[in-house]
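>
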Amino acid sequence: MELDRRAAIRRLPARRVVSGDGERRLAGATGMTSDDSTANPAGQDRVLANGNYRHFISSRVCSQLGFQSLAVALGWMLYDQTQNAYMLGWLGLAQFAPMAVLTLVAGPVVDRFDRRRIGLACQGIEALAVAAVAVGVWLGVLTPVLMLLAAGVMGACQAFERPTMASLLPNIVPVSMLQRAIATSTSFMQTAFIVGPSLGGLMYGLGERVPFIVAALLFAVAAYNVISIRLAVRAVARTPISLGSVFAGISFIRSRPAILGTISLDLFAVLLGGATALLPIFASDILRAGPLGMGLLRAAPAVGALLMSFVLARRPITQGAGRKMFMAVAVFGLATVVFALSRNIALSIAALAVTGAADNVSVVVRSSLVQLMTPDEMRGRVNAVNSLFIGTSNQLGEFESGMLAGAIGPVATAVLGGIGTIGVVILWMRLFPQLRRVERLDGSEQG
Numbered sequence: 032m033e034l035d036r037r038a039a040i041r042r043l044p045a046r047r048v049v050s051g052d053g054e055r056r057l058a059g060a061t062g063m064t065s066d067d068s069t070a071n072p073a074g075q076d077r078v079l080a081n082g083n084y085r086h087f088i089s090s091r092v093c094s095q096l097g098f099q100s101l102a103v104a105l106g107w108m109l110y111d112q113t114q115n116a117y118m119l120g121w122l123g124l125a126q127f128a129p130m131a132v133l134t135l136v137a138g139p140v141v142d143r144f145d146r147r148r149i150g151l152a153c154q155g156i157e158a159l160a161v162a163a164v165a166v167g168v169w170l171g172v173l174t175p176v177l178m179l180l181a182a183g184v185m186g187a188c189q190a191f192e193r194p195t196m197a198s199l200l201p202n203i204v205p206v207s208m209l210q211r212a213i214a215t216s217t218s219f220m221q222t223a224f225i226v227g228p229s230l231g232g233l234m235y236g237l238g239e240r241v242p243f244i245v246a247a248l249l250f251a252v253a254a255y256n257v258i259s260i261r262l263a264v265r266a267v268a269r270t271p272i273s274l275g276s277v278f279a280g281i282s283f284i285r286s287r288p289a290i291l292g293t294i295s296l297d298l299f300a301v302l303l304g305g306a307t308a309l310l311p312i313f314a315s316d317i318l319r320a321g322p323l324g325m326g327l328l329r330a331a332p333a334v335g336a337l338l339m340s341f342v343l344a345r346r347p348i349t350q351g352a353g354r355k356m357f358m359a360v361a362v363f364g365l366a367t368v369v370f371a372l373s374r375n376i377a378l379s380i381a382a383l384a385v386t387g388a389a390d391n392v393s394v395v396v397r398s399s400l401v402q403l404m405t406p407d408e409m410r411g412r413v414n415a416v417n418s419l420f421i422g423t424s425n426q427l428g429e430f431e432s433g434m435l436a437g438a439i440g441p442v443a444t445a446v447l448g449g450i451g452t453i454g455v456v457i458l459w460m461r462l463f464p465q466l467r468r469v470e471r472l473d474g475s476e477q478g
């Protein structure tokens, strides 16, 4: 059946489309331009050989570096001015609240308009907002209220930017390269996640204005790269944005058990098993590791995820994708239990690195399935819901861990979370057998 479908596609006549730079080119039924490097995946040894993909990666990495640098510098400055720990909580809420409110609205917008221009607008506004913060620091007029306002602007932009960039990727690489592209993208993003906070702290040490100036430049470079992506113009439906279109992503996900299963599995796994919020307690009171140990514990999951992303970029999952995702989430829960019971800093770091590696497998499988099973005209709305689930699980997971640790202690909380994650895996294998039967992530027929 798959061969017949591909043969039918080859028999379709080519049509003319207009690329992003206005040049008219020939395109076949897939919508890829004939001179695009993705048009011949068999001759493409590495995904990074794709110029559009390099622009995509550069945009995402620069934006992530800018965001992480800004978050560290803004948090440090806010606490330095107020000496109030609660203000850091308000800072996190100022970033998350706009994302939670606007994400579902962002989905229809991403599906209706040119995604590159949406990315350009978001990153351009972020660059201007951070530049305004730098000017405020220089003039000495940056108050805590203005800092929270800047964080809110950044959160609003992220609500649109994240589903936009996620929806762009399947238009850049062929289906056969999607899993490798996601794994490679994840490795770069994990690197930025590790380097970004350190960059922000280093720049802040050179002067209060420096991290904001650097972040503004990074966002500007990100904007340049996203608009430099050359794609065929998509045929989009110019239907009005309505309440139905806003919630269409949720309806689509509910109708696809494999997608619903993978997104909800990640939601509950992070909600129950995330021990990130408890790291200061473990580093200080349990492991007696001090600030250096805290830094190593904080970096360990990202390092594990980075190493696993390198493995998946070179050795993609070719069979048993659904089963391997369930196994990875179970390993995540088990490693969380080991971390909770460990009294050795080296073992604790290793356990957290395993959680990061296992989580990365889940991320690649989930992202690949969402992209492959979602038609292009729905990707913005589906990715918006996915982004909201990820953000919600991270935020609520930290809240849940903190509240429960105050009631029963950090060790019991982490152990209970790890065991709960394993329980969710067992339950989800029964509730979503379609997800368990997913075999491949290359767009071929599923088993």
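Just add 31 to wherever you are in the sequence shown, counting from 1, and you've got our numbering. Idealized CB from N, CA, C, for every residue including glycine.
1) Closest to R319 by CA distance: which of A352, R345 and A377 is it?
2) DSSP three-state call for S89: helix, strand or coil?
3) Quick check: the Cα distance between D407 and A197, rounded to an integer number of angstroms?
4) Excluding the 5 residues preceding and the 5 following G167 in the sequence, name in chain order all residues of the same chain whose CB lies nearer than 8 Å to its CB.
5) Are there 16 or more other CB atoms within 10 angstroms of the CB of A80, so buried, or fewer, so exposed?
6) Sorted by chain position, which residues of the same chain lie with C-beta nearer than 7 Å to A330's C-beta, five sequence neighbours on each side aside?
7) Compare the C-beta of L435 with all C-beta atoms of chain D and state if any pair is closer than 9 Å.
8) What are the uninterrupted segments assigned as beta strand (DSSP E) that are 3 or more residues long and contained completely in the stretch 341 to 414, given in chain order?
9) Here's a check: name, in chain order, each residue in its chain whose Cβ is nearer than 6 Å to the Cβ of V369, leaving out the five neighbours to either side.
10) From E470 to S286, what does the alpha carbon distance come to, in whole angstroms?
11) Roughly how many angstroms lie between the CA atoms of G480 and N202, to the nearest whole one?
12) Determine the contact status of L310 and L403, defining contact as a CB-CB distance below 9 Å.
13) In this structure, how does DSSP classify D510 when only helix, strand and coil are distinguished?
14) Within 10 angstroms of its Cβ, does A251 collect 16 or more other Cβ (buried), or is it exposed?
15) For the alpha helix (DSSP H) holding T307, just list the boundary residues, first then last.
16) Is the distance from the Cβ of I149 to the Cβ of V141 below 9 Å?
17) If you run the structure through DSSP and keep just helix, strand and coil, what is N202?
18) Three Cβ pairs or more, each shorter than 8 Å: is that satisfied between the stretch 444 to 451 and the stretch 296 to 304?
19) In angstroms with no decimal places, state the Cα-to-Cα distance between D297 and W169.
20) Ordered along the chain, which non-local residues of its own chain (more than five positions away) have a Cβ less than 6 Å from that of F258?
21) When we look at the beta-carbon of Y117 and count the other beta-carbons within 10 Å, is it buried (16 or more) or exposed?
22) Can you give the Cα-Cα distance for A73 and F283, rounded to whole angstroms?
23) On the criterion of 16 or more Cβ atoms from any shown chain inside 10 Å, does T499 qualify as buried, or is it exposed?
24) Does the beta-carbon distance from Y235 to A104 come in below 9 Å?
25) Is DSSP giving T174 helix, strand or coil here?
26) Can you tell me whether DSSP reads E470 as helix, strand or coil?
27) Please report the distance separating the alpha-carbon of F144 from that of G335.
28) Go ahead and pull the three-state DSSP assignment for E54.
29) By a C-beta neighbour count over all protein chains shown, 10 Å radius and 16 as the cutoff for buried, is N256 buried or exposed?
30) Does the beta-carbon of A388 have 16 or more other beta-carbons within 10 angstroms, so that it is buried, or is it exposed?
31) So, under 8 Å CB-CB, R412 and G292 are touching, yes? Tell me the CB distance rounded to an integer number of Å.
32) Of the choices A190, F463, G106 and R345, whose alpha-carbon is the least far from that of A212?
33) Grouping DSSP H, G and I as helix and E and B as strand, with all else coil, what is N81?
34) In its own chain, which residues sit with a C-beta less than 8 Å from the C-beta of V416, not counting the 5 before and 5 after it?
35) Under the three-state reduction of DSSP, which class applies to R240: helix, strand or coil?
36) Assign I380 to buried or exposed, taking buried as 16 or more other Cβ atoms, counted over all protein chains shown, within 10 Å of its Cβ.
Put simply:
1) Residue 319 sits at position 288 when you count from the first residue of the sequence shown. Checking every option, the nearest Cα to that of R319 belongs to A377.
2) Position 58 of the sequence shown, counted from the start, is the residue given in the question as residue 89. In the structure shown, S89 sits in a helix (DSSP, three-state: H, G or I).
3) Here residue 407 corresponds to residue number 376 of the sequence shown, with the count starting at 1. Here residue 197 corresponds to residue number 166 of the sequence shown, with the count starting at 1. Cα to Cα, D407 sits roughly 11 Å from A197.
4) Counting from 1 along the sequence shown, the entry for residue 167 is found at position 136. Cβ within range, chain order: L173 and L177.
5) Indexing the sequence shown from 1 puts residue 80 at position 49. When all chains shown are included, A80 counts as exposed.
6) Here the question's residue 330 lines up with position 299 in the sequence shown. Answer for A330: I225, listed in chain order.
7) No chain D appears in the structure shown, which is made up of a single protein chain.
8) none
9) Indexing the sequence shown from 1 puts residue 369 at position 338. These residues qualify, in order along the chain: A382.
10) Translated into the one-based positions of the sequence shown, residue 470 becomes position 439. Translated into the one-based positions of the sequence shown, residue 286 becomes position 255. E470 and S286: Cα-Cα distance of roughly 20 Å.
11) With the chain covering only 32 through 478, there is no way to say anything about residue 480.
12) Along the sequence shown, one-based indexing puts residue 310 at 279. Along the sequence shown, one-based indexing puts residue 403 at 372. Their beta carbons are not under 9 Å apart, which means L310 does not touch L403 by this criterion.
13) Absent from the structure is residue 510, since the part of the chain shown begins at 32 and ends at 478.
14) The residue you call residue 251 lines up with position 220 of the sequence shown. The residue is buried, with at least 16 neighbouring Cβ atoms inside 10 Å.
15) The residue given as residue 307 occupies position 276 in the sequence shown. Element bounds for T307: n/a, residue is neither H nor E.
16) The count along the sequence shown starts at 1 and reaches residue 149 at position 118. The count along the sequence shown starts at 1 and reaches residue 141 at position 110. It is a contact, given that the beta carbons lie within the stated cut-off.
17) Mapped onto the sequence shown, residue 202 falls at position 171. Three-state DSSP puts N202 in a helix.
18) yes
19) Position 266 of the sequence shown holds residue 297. Position 138 of the sequence shown holds residue 169. Their backbone Cα atoms lie some 43 Å apart in a straight line.
20) Here residue 258 refers to the residue found at position 227 when the sequence shown is read from its first residue. According to the sequence as given, residue 258 is Ile; it is not Phe. The answer, listed in chain order, is R147 and L151.
21) Reading the sequence shown from its first residue, position 86 is the one you call residue 117. By the neighbour-count rule (16 or more Cβ atoms within 10 Å), Y117 is not buried but exposed.
22) On the sequence shown, residue 73 is found 42 positions in, with the first residue counted as 1. On the sequence shown, residue 283 is found 252 positions in, with the first residue counted as 1. Reliability of the predicted coordinates at A73 is poor, the pLDDT of 37 falling under 50, and no value is obtained from them.
23) Outside the shown range of the chain, which is 32 to 478, sits residue 499, and nothing can be said about it.
24) Taking the sequence shown and counting its residues from 1, one reaches residue 235 at position 204. Taking the sequence shown and counting its residues from 1, one reaches residue 104 at position 73. Yes, the Cβ-Cβ distance between Y235 and A104 is below 9 Å.
25) One-based indexing of the sequence shown puts residue 174 at position 143. In the structure shown, T174 sits in coil (DSSP, three-state: anything other than H, G, I, E or B).
26) Locating residue 470 in the sequence shown gives position 439, counting from the first residue. Three-state result, E470: coil.
27) Along the sequence shown, one-based indexing puts residue 144 at 113. Along the sequence shown, one-based indexing puts residue 335 at 304. Between F144 and G335, the C-alpha separation is close to 37 Å.
28) Residue mapping note: residue 54 aligns to position 23 of the sequence shown, counting from 1. Residue placement at E54 is flagged as unreliable, the pLDDT there being 34, under the threshold of 50; a coordinate-derived value is accordingly withheld.
29) Position 225 of the sequence shown holds residue 256. Buried, because 16 or more other Cβ atoms sit within 10 Å of the Cβ of N256.
30) Taking the sequence shown and counting its residues from 1, the one referred to as residue 388 is at position 357. Flag for A388 reads buried.
31) One-based indexing of the sequence shown puts residue 412 at position 381. One-based indexing of the sequence shown puts residue 292 at position 261. About 19 Å separates the two Cβ atoms, so there is no contact after all.
32) By one-based count along the sequence shown, residue 212 stands at place 181. Among A190, F463, G106 and R345, the Cα nearest to that of A212 belongs to R345.
33) The residue given as residue 81 occupies position 50 in the sequence shown. Here N81 sits in coil by DSSP.
34) Here residue 416 is taken as the residue at index 385 of the sequence shown, counted from 1. Same-chain partners within the cutoff: T134, L135, G138, G280, I281, I284 and I294.
35) Taking the first residue of the sequence shown as 1, we reach residue 240 at position 209. Reduced to three states, the DSSP call for R240 is coil.
36) As a first step, residue 380 must be located in the sequence shown, where it is residue number 349. I380 is buried by the Cβ-count criterion.
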